[in-house]
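Colleague: Residue numbers (the numbering used here), protein chains in the order written: chain A, 1 to 146; chain B, 147 to 292; chain C, 293 to 438; chain D, 439 to 584.
Below you will find the structure I want to go over with you.
There are 4 protein chains.
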Amino acid sequence: MNGWHETEVRVRYAETDQMGIAHHANYLIWFEAGRSDLCRARGFSYKDMEEQENALMVVAESYVRYKSPAFYEDILTIKTAISEIRSRSIRFSYEINRGSDGALIAEGETLHLVTDKQQKVRTIPESYKRLLTEDDLAFPAEQVPR
Amino acid sequence: MNGWHETEVRVRYAETDQMGIAHHANYLIWFEAGRSDLCRARGFSYKDMEEQENALMVVAESYVRYKSPAFYEDILTIKTAISEIRSRSIRFSYEINRGSDGALIAEGETLHLVTDKQQKVRTIPESYKRLLTEDDLAFPAEQVPR
Amino acid sequence: MNGWHETEVRVRYAETDQMGIAHHANYLIWFEAGRSDLCRARGFSYKDMEEQENALMVVAESYVRYKSPAFYEDILTIKTAISEIRSRSIRFSYEINRGSDGALIAEGETLHLVTDKQQKVRTIPESYKRLLTEDDLAFPAEQVPR
Amino acid sequence: MNGWHETEVRVRYAETDQMGIAHHANYLIWFEAGRSDLCRARGFSYKDMEEQENALMVVAESYVRYKSPAFYEDILTIKTAISEIRSRSIRFSYEINRGSDGALIAEGETLHLVTDKQQKVRTIPESYKRLLTEDDLAFPAEQVPR
Numbered sequence: 001m002n003g004w005h006e007t008e009v010r011v012r013y014a015e016t017d018q019m020g021i022a023h024h025a026n027y028l029i030w031f032e033a034g035r036s037d038l039c040r041a042r043g044f045s046y047k048d049m050e051e052q053e054n055a056l057m058v059v060a061e062s063y064v065r066y067k068s069p070a071f072y073e074d075i076l077t078i079k080t081a082i083s084e085i086r087s088r089s090i091r092f093s094y095e096i097n098r099g100s101d102g103a104l105i106a107e108g109e110t111l112h113l114v115t116d117k118q119q120k121v122r123t124i125p126e127s128y129k130r131l132l133t134e135d136d137l138a139f140p141a142e143q144v145p146r
Numbered sequence: 147m148n149g150w151h152e153t154e155v156r157v158r159y160a161e162t163d164q165m166g167i168a169h170h171a172n173y174l175i176w177f178e179a180g181r182s183d184l185c186r187a188r189g190f191s192y193k194d195m196e197e198q199e200n201a202l203m204v205v206a207e208s209y210v211r212y213k214s215p216a217f218y219e220d221i222l223t224i225k226t227a228i229s230e231i232r233s234r235s236i237r238f239s240y241e242i243n244r245g246s247d248g249a250l251i252a253e254g255e256t257l258h259l260v261t262d263k264q265q266k267v268r269t270i271p272e273s274y275k276r277l278l279t280e281d282d283l284a285f286p287a288e289q290v291p292r
Numbered sequence: 293m294n295g296w297h298e299t300e301v302r303v304r305y306a307e308t309d310q311m312g313i314a315h316h317a318n319y320l321i322w323f324e325a326g327r328s329d330l331c332r333a334r335g336f337s338y339k340d341m342e343e344q345e346n347a348l349m350v351v352a353e354s355y356v357r358y359k360s361p362a363f364y365e366d367i368l369t370i371k372t373a374i375s376e377i378r379s380r381s382i383r384f385s386y387e388i389n390r391g392s393d394g395a396l397i398a399e400g401e402t403l404h405l406v407t408d409k410q411q412k413v414r415t416i417p418e419s420y421k422r423l424l425t426e427d428d429l430a431f432p433a434e435q436v437p438r
Numbered sequence: 439m440n441g442w443h444e445t446e447v448r449v450r451y452a453e454t455d456q457m458g459i460a461h462h463a464n465y466l467i468w469f470e471a472g473r474s475d476l477c478r479a480r481g482f483s484y485k486d487m488e489e490q491e492n493a494l495m496v497v498a499e500s501y502v503r504y505k506s507p508a509f510y511e512d513i514l515t516i517k518t519a520i521s522e523i524r525s526r527s528i529r530f531s532y533e534i535n536r537g538s539d540g541a542l543i544a545e546g547e548t549l550h551l552v553t554d555k556q557q558k559v560r561t562i563p564e565s566y567k568r569l570l571t572e573d574d575l576a577f578p579a580e581q582v583p584r
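And the structure:
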């Protein structure tokens, strides 16, 4: 298992609901932001995989455990890691913490199947698999291309 | 100008914010639902235009006047009409009312340019223009295909 | 376990992503729409519980298994049931099917804790528990108050 | 008119639609992120105004001109300024540019009325008005509290 990658988001007003907390559907969007960032840190983009390799990472399962509510303007750190990689699937794990007090906000997992644009399951392109599994990040954190 | 087309939505919990009212960005999504419905009532779908004619209706302007807040579970009626149609653009007008008390919730407008998939402005396909401008709905309300 | 309650949604354009399918975070919003509807069918509203009883149903866990993609304009049926009810928690189960071909789109579960407005866990108000557990719906489907 | 305040967002996958571009409703959410940031830079938060002063900034009008599409992973700069401040209303102006090529993505405006929690229009609390109108930012950009 590779190291955690960290992404920061600030809770938007639009993400709150009338309970006064961040609505629970946003957690999947934040997980996705973490996943995108992890891929970018490893030297590629979802977009490249879609356009150049006809390979889509389709979400097959999602699981979230909500531990503590998040509020408007909270700065959250999403930690993302690849917890399992197989020939045709990838599992990511997540942990969200609040910056100000370190509170654990949520934990979760998503399982992804790799498919082509016709939604047929296929193997992960070899070059991407290598980027995702190698021990060291393609780029040290401070050199991640923006 | 053609008649109004009516679409009903119920305010979702996820659409509220911590002010306890429906967040203002959702109004554009409701307008879009009204617009989709109006097109469907006239015998075609956004999807068809995109897939069969390489014609996209890109939003060029949006304007919303928020008159009265909408709340969780409110049933809203979105009235949509085509207010202007030119060779390469279409303007839609909207009015949102609450079912229970008839309150005017919002009014608005969107202007759309017709482009191809490379984002180049093009003329509206003739067959769609006809469907959008003819006086009578392609289908009476109760026969709109689902 | 009580019977399934059915809710219909039509996939909105705003709910699609660049993969051309409904984005996976929307499923939690659709589940919530199903849950709201089930409560309403049993004679009460989230809103009442929040305002009159100082009881919030906070999401503690969510789980979704995505079986088949949903597309723009698809009409989906969300089936919702209460799968477990305890003194301070409620578990809901969901199944989403597409109307046109009956395809299974997704299955899932959410677990909810009942808290007060200070986020302290509390027991479910007795009157609501009764409405949620009684064998027969408070209102037959065709008489559900709107 | 005060200076522009700048906020950066990266386009999320969830924000794209099947046209392959950022959905137009997100622009209002980005404007709001810019507005929140401008307030924070001036030494206060929406949250404070709501909780301590019973003053809500309700959106009364929104206007967006979409100039060029934004894509997944684009880094966008939202420039926000207060263009008019009256006793009971505030007007904000916005401009969105893409970082990589400087392209103008959108321009817009929102008009806000200040109300109490019962939705009655009221005057802007004097202390907030001062923070919003004084020539110099309450905090230099690099000292904005997080």
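Note that beta-carbon positions come from the ideal geometry of N, C-alpha and C, so glycine has one too.
1. Taking the straight line between their C-alpha atoms, what separation do you get for A284/B and V210/B?
2. Since K558/D sits in a beta bridge, which residues does DSSP pair it with?
3. Our contact map puts A333/C next to V301/C with C-beta atoms below 8 Å; I'd like the distance itself, whole angstroms only.
4. Can you tell me whether K213/B is helix, strand or coil according to DSSP?
5. Return the residue from the list R244/B, R237/B, D163/B that minimises the CA-CA distance to T128/B.
6. So which of S246/B, I242/B, T261/B has the shortest CA-CA distance to A252/B?
7. Looking at A395/C: is its Cβ nearer than 8 Å to the Cβ of S360/C?
8. Could you spell out the range, first to last residue, of the alpha helix (DSSP H) harbouring Y46/A?
9. Between E178/B and the ligand NAD, is there a pair consisting of the residue's CB and a ligand heavy atom that are separated by less than 7 Å?
10. At 7 Å on the CB atoms, spell out the chain A contacts of Y451/D, in chain order.
11. Does the region 343 to 358 of chain C come close enough to the region 401 to 409 of chain C to have 3 or more Cβ pairs within less than 8 Å?
12. Helix, strand or coil for Y305/C per DSSP?
13. Distance, Cα to Cα, D309/C vs Q264/B?
14. Of the residues that make up the region 165 to 177 of chain B, which ones have a beta carbon closer than 7 Å to any beta carbon in chain C?
15. Give the range of the alpha helix (DSSP H) segment to which R601/D is assigned.
16. Using a Cβ-Cβ cut-off of 8 Å, state whether Y63/A counts as contacting chain B.
17. Under 8 Å, Cβ to Cβ, is there at least one residue of chain C near T424/D?
18. What did DSSP end up calling S62/A once you bin it into helix, strand or coil?
19. Between E197/B and F190/B, what straight-line distance do the alpha-carbon atoms span, to the nearest angstrom?
20. Quick check on Y364/C - is its C-beta less than 8 Å from some C-beta in chain D?
21. Give the range of the beta strand (DSSP E) segment to which E418/C is assigned.
22. Count the other C-beta atoms from every protein chain shown that fall within 10 angstroms of the C-beta of V413/C, then say buried if there are 16 or more, exposed otherwise.
23. Would you call F530/D buried or exposed, if buried means 16 or more other Cβ atoms sit within 10 Å of its Cβ?
24. Closer than 7 Å by beta-carbon distance: list the chain C residues that pair up with T454/D, in chain order.
25. Residues of chain A with a CB under 8 Å from the CB of Y358/C: which are they?
26. For P69/A, return the contacting residues in chain F, with the cut-off set at a CB-CB distance below 8 Å.
27. Spell out the partners DSSP gives H112/A in its beta bridges.
28. Residues in the same chain with beta-carbon distance under 7 Å from Y72/A, minus the five sequence neighbours each way, listed in chain order, please.
29. My guess is that A25/A and I321/C are in contact by the Cβ rule of under 8 Å, so how many angstroms apart are they, rounded?
30. Could you tell me the distance, in whole angstroms, from the CA atom of S89/A to the CA atom of D116/A?
31. Exposed or buried, what is R473/D when buried is set at 16 or more other beta-carbons lying within 10 Å of its beta-carbon?
32. With a Cβ-Cβ cutoff of 8 Å, do W296/C and A373/C count as a contact?
33. Where does H315/C sit, in a helix, a strand or coil, going by DSSP?
34. Which residues share a DSSP beta bridge with I242/B?
35. Helix, strand or coil for E84/A, going by three-state DSSP, please let me know.
36. Check E73/A in the structure and name its three-state DSSP category.
Modeller: Once the coordinates are examined:
1. The predicted model places A284/B with a pLDDT of 48, which falls under 50 and marks its position as unreliable, so this point remains unresolved.
2. In DSSP, K558/D forms no bridge with anything.
3. Rounded, the Cβ-Cβ distance is 16 Å, inconsistent with contact.
4. It is coil, neither helix nor strand.
5. Here chain B covers residues 147 to 292 and nothing more, so residue 128/B does not appear.
6. Taking only the C-alpha atoms, the option nearest A252/B is I242/B.
7. Going by C-beta atoms, A395/C is nearer than 8 Å to S360/C.
8. Looking at the DSSP string, the run of the alpha helix (DSSP H) that includes Y46/A is 46 to 53.
9. Looking for the ligand NAD in the displayed structure turns up nothing, as the structure carries no ligands at all.
10. Result: E32, S36, Y46.
11. With a cut-off of 8 Å, the region 401 to 409 of chain C and the region 343 to 358 of chain C count as touching, because enough Cβ pairs lie within range.
12. Assignment of Y305/C by DSSP, reduced to helix, strand and coil, places it in the helix class.
13. C-alpha separation (whole angstroms): 18 Å.
14. Residues of the region 165 to 177 of chain B with a C-beta atom less than 7 Å from some C-beta of chain C are I175, listed in chain order.
15. There is no way to answer for residue 601/D, as the model of chain D reaches only from 439 to 584.
16. It does not: the Cβ of Y63/A has no partner Cβ on chain B nearer than 8 Å.
17. Summary: the structure shown does not reach residue 424/D, with chain D confined to residues 439 through 584, and so no result is reported for it.
18. In the structure shown, S62/A sits in a strand (DSSP, three-state: E or B).
19. Taking the straight line joining both Cα atoms gives about 12 Å.
20. Contacts with chain D at 8 Å (Cβ-Cβ) include Y364/C.
21. Premise fails: E418/C lies in the alpha helix (DSSP H), 418 to 425, not in any beta strand (DSSP E).
22. With fewer than 16 other Cβ atoms within 10 Å, it is exposed.
23. F530/D sits buried, since 16 or more C-beta atoms from the chains shown fall within 10 Å of its C-beta.
24. Close partners of T454/D in chain C (Cβ separation under 7 Å): D309, Q310.
25. Ordered by position in chain A, the residues that pass the 8 Å Cβ test against Y358/C are V58, V59, A60, E61, S62.
26. Absent from the structure: chain F. Protein chains present are A, B, C and D.
27. DSSP output for H112/A lists V59/A, I90/A as bridge partner(s).
28. Here the set comprises V11, Y13, T16.
29. Separation of the CB atoms of A25/A and I321/C is rounded to 5 Å, and the pair is thereby assigned contact status at 8 Å.
30. One C-alpha to the other measures close to 13 Å.
31. Buried, by the Cβ-count rule.
32. Their beta carbons are under 8 Å apart, which means W296/C touches A373/C by this criterion.
33. In the structure shown, H315/C sits in coil (DSSP, three-state: anything other than H, G, I, E or B).
34. In the DSSP output, where bridge partners are listed per residue, I242/B has I224/B, A252/B.
35. Under the three-state reduction of DSSP output, E84/A falls in the strand class.
36. The answer is coil: DSSP assigns E73/A none of H, G, I, E or B.
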